[in-house]
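Enquirer: One structure coming up, written as structure tokens, with questions to follow.
2 protein chains.
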Amino acid sequence: MSGLSRFLSVLRCFDETKSNWTVQELADRLEVPTSTIYRTVRELSAHGFLEPSTEAHYRLGSAFVEFDRMIRVTDPLVQCGGPLMRDLAAEVGQPCVAVLARLYGDRVICAVDERYNGADLLTSYERGRPMPLVRGATSKAILAQLPARRLRKLLQPAFGSDAKKLASFRTELSNIRKSGYCITEGEVDPELRGVAVPVSSAALGISASLSLIVRANAMTESLERRMILLLVSSASMLAGSLGKAQD
Amino acid sequence: MSGLSRFLSVLRCFDETKSNWTVQELADRLEVPTSTIYRTVRELSAHGFLEPSTEAHYRLGSAFVEFDRMIRVTDPLVQCGGPLMRDLAAEVGQPCVAVLARLYGDRVICAVDERYNGADLLTSYERGRPMPLVRGATSKAILAQLPARRLRKLLQPAFGSDAKKLASFRTELSNIRKSGYCITEGEVDPELRGVAVPVSSAALGISASLSLIVRANAMTESLERRMILLLVSSASMLAGSLGKAQD
DNA sequence: CGTCAATTCCCGTAGTCTGAGATTCTGCGA
DNA sequence: TCGCAGAATCTCAGACTACGGGAATTGACG
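Same order as they appear, the protein sequences are chains A and B. Last residue of the first sequence? That's 246 in numbering that gives the first Met the number 0, and every number before it is there in order. Last residue of the second sequence? That's 246 in numbering that gives the first Met the number 0, and every number before it is there in order.
Written out as structure tokens, the structure is:
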């Protein structure tokens, strides 16, 4: 345990399950002496990564909120995509959720989510939530546009040695490349249908996708066509503005 | 340079001004050997705090986005306050911005900002942005509710030895305690008027405030009364649900 | 396949972190 | 205001890690 991982082993303890820890609890959980955790926690607190709450408990601190804002402010994808999303979701004229997601290392993470006024859909997509890499239209539309080498590295751990599944997945991606969009149902959230199109900016090194999610039983053929059209045109606008953007 | 600060000196380089750095640039800026920065950057990347972009440049990584989500998901203030904010902003019936801010260590940081449909106000308030500690209704409403000892420590660095200013500031806070709200104009953003009320939960160790911001020239006496009423009732609802919340 | 920049590796040394226990601080109730 | 219990910090010698300069390797691109 050294360098950053020392600090991360502490930070990773804070999750949905338990967001409030005492030093003693952390020490027990990590099986590290109390005095060591005290030192680590003190340093994390000093830099705003942890904050004291009540009765000797600590929770995640403001530094993360600040850094996230810094990313939102400087990320061309959020800057260019944000305004587009609101219009996009409104244009559908149905309860729906618009999502702009992005490949971040080896995971797909939602960067912007826009709920259409009145949409009470229960999607898993919300900013900052890691998404399954090989399931759902959002992720597939991203993977479909990647260069072969990058793709291979990503799929390796996901499929392991199952050559058959890997081959059929590659076929699926190839179909997305041809048609320009991807539709899936229930792969991430049950009862929901997602339509996604690829978005990318080689100049910025960003691989992303733009998706719309509606209730599966609300989907009609004409709605589907409309959604695809909306997505394709929004995506090309977005790609255009990304091209001009510089960070 | 040791422990966390080694990593932070790198991370702090990434700001609005420049969000995209090469290792060489970082090394020059920090006056540290290149190989050391490479190691630091590698470690930060491995944990998702930095991400390679293009041409040997790096930018802030997805870990911050994920941790921020974790905070949003687990923070009772965001959980209880979020839904309230939308209604609050809508009720005003004027272009306005609703802000829920909070004391985080020694700084006030906005936790939720809700723009009323059609409000194009240029407020500085947005989630994650650090705010001036002693200026603006939002901050003053927070400070007004703090225990004496805590307050003293916070004001020490802000006012230094200027006992006169300190005394008048304390008087101001005392007036807020009596009236239950605070109104300021142009202290943070020119031409804007803010009304704020304190919110707190002793059980959770949270000191916060709820504010509404409108254009100064749109303010009338009756609107002001309405806003104060809305804020006071929202704040008491919020305090109530915070009391029941547990993290 | 060759080129050039980006990145990693190497290794002795310097300096940091570790961990157990003693010590000091702090908040809370009387 | 005082005293108490738990929280937080301090101490110190020894183990281990990071540092830094330069060589070696990788990898992208033509």
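Glycine residues also receive a C-beta, built at the ideal position from the N, C-alpha and C atoms.
According to the Cβ coordinates, are arginine 134 of chain A and cysteine 109 of chain A closer than 9 Å?
Expert: For this step, residue 134 of chain A is matched to residue 135 along the first sequence. For this step, residue 109 of chain A is matched to residue 110 along the first sequence. Going by C-beta atoms, arginine 134 of chain A is not nearer than 9 Å to cysteine 109 of chain A.
Enquirer: For chain B, is any of its Cβ atoms less than 9 Å away from the one on arginine 151 of chain A?
Expert: Counting from one through the first sequence, the residue named residue 151 of chain A turns up at place 152. Closer than 9 Å: no.
Enquirer: DSSP three-state label for cysteine 79 of chain B, please.
Expert: Walking along the second sequence from the start, residue 79 of chain B turns up at place 80. Cysteine 79 of chain B: helix per DSSP, three-state reduction.
Enquirer: What's the C-alpha gap between phenylalanine 48 of chain B and serine 221 of chain A?
Expert: As a working mapping, residue 48 of chain B is identified with position 49 in the second sequence. As a working mapping, residue 221 of chain A is identified with position 222 in the first sequence. Going by the C-alpha atoms only, they are around 43 Å apart.
Enquirer: With three or more C-beta pairs closer than 8 Å as the rule, is the stretch 61-71 of chain A touching the stretch 49-69 of chain B?
Expert: The stretch 49-69 of chain B is in contact with the stretch 61-71 of chain A.
Enquirer: Tell me the DSSP secondary structure of serine 44 of chain B in three-state form.
Expert: Counted from its first residue, the second sequence places residue 44 of chain B at position 45. The answer is helix: DSSP assigns serine 44 of chain B an H, G or I state.
Enquirer: With DSSP as the reference, label tyrosine 37 of chain A as helix, strand or coil.
Expert: One-based indexing of the first sequence puts residue 37 of chain A at position 38. The answer is helix: DSSP assigns tyrosine 37 of chain A an H, G or I state.
Enquirer: Tell me where the alpha helix (DSSP H) around valine 22 of chain B begins and ends.
Expert: Sequence index remark: in the second sequence, residue 22 of chain B carries index 23 (1-based). 22-29 is the span of the alpha helix (DSSP H), which, as asked, contains valine 22 of chain B.
Enquirer: Please confirm whether arginine 126 of chain A has its beta-carbon closer than 9 Å to some beta-carbon of chain B.
Expert: On the first sequence, position 127 is the one that residue 126 of chain A refers to. It does: the Cβ of arginine 126 of chain A has a partner Cβ on chain B nearer than 9 Å.
Enquirer: Quick check on isoleucine 205 of chain B - is its C-beta less than 9 Å from some C-beta in chain A?
Expert: Within the second sequence, residue 205 of chain B is the residue found at index 206, counting from 1. Yes, its Cβ sits closer than 9 Å to a Cβ of chain A.
Enquirer: Can you give me the C-alpha to C-alpha distance between phenylalanine 6 of chain A and aspartate 14 of chain A, rounded to a whole angstrom?
Expert: Here residue 6 of chain A refers to the residue found at position 7 of the first sequence. Here residue 14 of chain A refers to the residue found at position 15 of the first sequence. For phenylalanine 6 of chain A and aspartate 14 of chain A, the distance between alpha carbons rounds to 15 Å.
Enquirer: Provide the residue span of the beta strand (DSSP E) that contains glutamate 184 of chain B, from first to last.
Expert: Position 185 of the second sequence holds residue 184 of chain B. Taken as a continuous stretch (DSSP letters only), the beta strand (DSSP E) holding glutamate 184 of chain B covers 181-184.
Enquirer: Taking glycine 193 of chain A and serine 210 of chain A to be in contact with their CB atoms under 8 Å, please state how far apart those CB atoms are, rounded to whole angstroms.
Expert: Here residue 193 of chain A corresponds to residue number 194 of the first sequence, with the count starting at 1. Here residue 210 of chain A corresponds to residue number 211 of the first sequence, with the count starting at 1. Contact holds; Cβ gap of about 5 Å.
Enquirer: Suppose you measure from the CA of alanine 195 of chain B to the CA of phenylalanine 168 of chain B; what does that come to, to the nearest Å?
Expert: Sequence index remark: in the second sequence, residue 195 of chain B carries index 196 (1-based). Sequence index remark: in the second sequence, residue 168 of chain B carries index 169 (1-based). Looking at the two C-alpha atoms, the distance is approximately 16 Å.
Enquirer: CB valine 198 of chain A to CB threonine 122 of chain A, shorter than 9 Å?
Expert: For the purposes of this step, residue 198 of chain A is identified with residue 199 of the first sequence, where counting begins at 1. For the purposes of this step, residue 122 of chain A is identified with residue 123 of the first sequence, where counting begins at 1. No; because the gap between Cβ atoms is not below 9 Å, this pair is not in contact.
Enquirer: DSSP on valine 133 of chain B, reduced to helix/strand/coil?
Expert: Here residue 133 of chain B corresponds to residue number 134 of the second sequence, with the count starting at 1. Valine 133 of chain B: coil per DSSP, three-state reduction.
Enquirer: Which residues in the same chain have their Cβ closer than 8 Å to the Cβ of threonine 35 of chain B, if we skip the five residues on either side of it in sequence?
Expert: Against the second sequence, residue 35 of chain B aligns to sequence position 36. Within the same chain, threonine 35 of chain B has close Cβ partners Ala26.
Enquirer: Is the Cβ-Cβ distance between leucine 102 of chain B and leucine 59 of chain B less than 9 Å?
Expert: Translated into the one-based positions of the second sequence, residue 102 of chain B becomes position 103. Translated into the one-based positions of the second sequence, residue 59 of chain B becomes position 60. Not in contact: leucine 102 of chain B and leucine 59 of chain B (Cβ atoms no closer than 9 Å).
Enquirer: Rounded to the nearest angstrom, how far is the Cβ of arginine 28 of chain B from that of cysteine 12 of chain B, given a contact under 8 Å?
Expert: In the second sequence, counting from the first residue as 1, residue 28 of chain B sits at position 29. In the second sequence, counting from the first residue as 1, residue 12 of chain B sits at position 13. Right, their Cβ atoms sit about 6 Å apart.
Enquirer: Figure out for me which residue from A:Glu30, A:Ile175, A:Tyr115, A:Ala166 has the closest Cα to the Cα of threonine 137 of chain A.
Expert: Residue 137 of chain A sits at position 138 when you count from the first residue of the first sequence. Per the Cα distances, A:Ile175.
Enquirer: Helix, strand or coil for arginine 157 of chain A? Go by DSSP, reduced to three states.
Expert: By 1-based counting over the first sequence, the position of residue 157 of chain A is 158. Checking the sequence shown, residue 157 of chain A turns out to be alanine, not arginine. Looking at alanine 157 of chain A - three-state DSSP - the assignment turns out to be helix.
Enquirer: Between the alpha carbons of alanine 166 of chain A and serine 178 of chain A, how many angstroms are there, rounded?
Expert: The residue you call residue 166 of chain A lines up with position 167 of the first sequence. The residue you call residue 178 of chain A lines up with position 179 of the first sequence. Whole-angstrom Cα-Cα distance: 19 Å.
Enquirer: Which bits of chain A does glycine 60 of chain B rub up against, with CB to CB less than 8 Å?
Expert: Looking up residue 60 of chain B in the second sequence gives position 61. Those are Tyr103, Gly104, listed as they occur along chain A.
Enquirer: Closer than 7 Å by C-beta to asparagine 258 of chain B: which residues in its own chain qualify, once you throw out the five before and the five after it? Chain order, please.
Expert: This structure cannot settle anything about residue 258 of chain B, because the visible part of chain B is limited to 0 through 246.
Enquirer: With 16 other CB atoms within 10 Å as the buried threshold, where does leucine 228 of chain B fall?
Expert: Locating residue 228 of chain B in the second sequence gives position 229, counting from the first residue. When all chains shown are included, leucine 228 of chain B counts as exposed.
Enquirer: Please name the residue, chosen from A:Lys243, A:Ala162, A:Val231, A:Leu241, that lies closest to tyrosine 87 of chain A on a Cα-to-Cα basis.
Expert: Counting from one through the first sequence, the residue named residue 87 of chain A turns up at place 88. For the record, residue 87 of chain A in the displayed sequence is leucine; it is not tyrosine. The candidate whose alpha carbon is nearest that of leucine 87 of chain A is A:Val231.
Enquirer: Valine 31 of chain A CB to nearest chain B CB: under 9 Å?
Expert: Position 32 of the first sequence, counting from 1, holds the residue named residue 31 of chain A. Not an interface residue.
Enquirer: Report the residue from B:Ala162, B:Gly81, B:Ser4 whose alpha carbon sits nearest the alpha carbon of serine 44 of chain A.
Expert: The sequence position of residue 44 of chain A within the first sequence is 45, counting from 1. For serine 44 of chain A, the nearest C-alpha among the options comes from B:Ser4.
Enquirer: Excluding the five sequence neighbours on either side, which residues of its own chain have a C-beta within less than 6 Å of the C-beta of glutamate 184 of chain B, listed in chain order?
Expert: For the purposes of this step, residue 184 of chain B is taken as the residue at position 185 of the second sequence. Excluding positions up to five away in sequence, the list reads Arg192, Ala215.
Enquirer: When Cβ atoms are compared, which residues of the stretch 65-82 of chain B fall closer than 7 Å to chain A?
Expert: Going along the stretch 65-82 of chain B in chain order, one finds Glu65, Phe66, Asp67, Arg68, Met69, Ile70, Val72, Thr73 with a Cβ nearer than 7 Å to chain A.
Enquirer: Taking Cβ-Cβ distances below 9 Å as the criterion, which residues of the stretch 43-55 of chain B are in contact with chain A?
Expert: Listed in sequence order: Leu43, Ser44, Ala45, His46, Gly47, Phe48, Glu50, Pro51, Ser52, Thr53, Glu54.
Enquirer: Mind listing the chain A neighbours of isoleucine 108 of chain B? Cutoff is C-beta to C-beta under 8 Å, in chain order.
Expert: Residue mapping note: residue 108 of chain B aligns to position 109 of the second sequence, counting from 1. What isoleucine 108 of chain B touches in chain A: Ser61, Val64, Glu65.
Enquirer: Can the beta-carbon of valine 96 of chain B be found closer than 9 Å to that of tyrosine 115 of chain B?
Expert: As a position in the second sequence, residue 96 of chain B is number 97, starting the count at 1. As a position in the second sequence, residue 115 of chain B is number 116, starting the count at 1. A contact, by the Cβ cut-off of 9 Å.
Enquirer: Entirely within the stretch 60-117 of chain B and at least 3 residues each: give me those beta strand (DSSP E) ranges in chain order.
Expert: 96-103, 106-114, all fully within the stretch 60-117 of chain B.
Enquirer: Comparing alpha-carbon positions, which option in A:Thr170, A:Thr21, A:Arg106, A:Pro129 lies nearest glutamate 50 of chain A?
Expert: Along the first sequence, read from residue 1 onward, the residue named residue 50 of chain A stands at position 51. Closest by alpha carbon: A:Thr21.
Enquirer: So leucine 145 of chain A packs on leucine 132 of chain A, CB below 8 Å; how close in whole Å?
Expert: For the purposes of this step, residue 145 of chain A is identified with residue 146 of the first sequence, where counting begins at 1. For the purposes of this step, residue 132 of chain A is identified with residue 133 of the first sequence, where counting begins at 1. Not really, about 11 Å apart at Cβ, beyond 8 Å.
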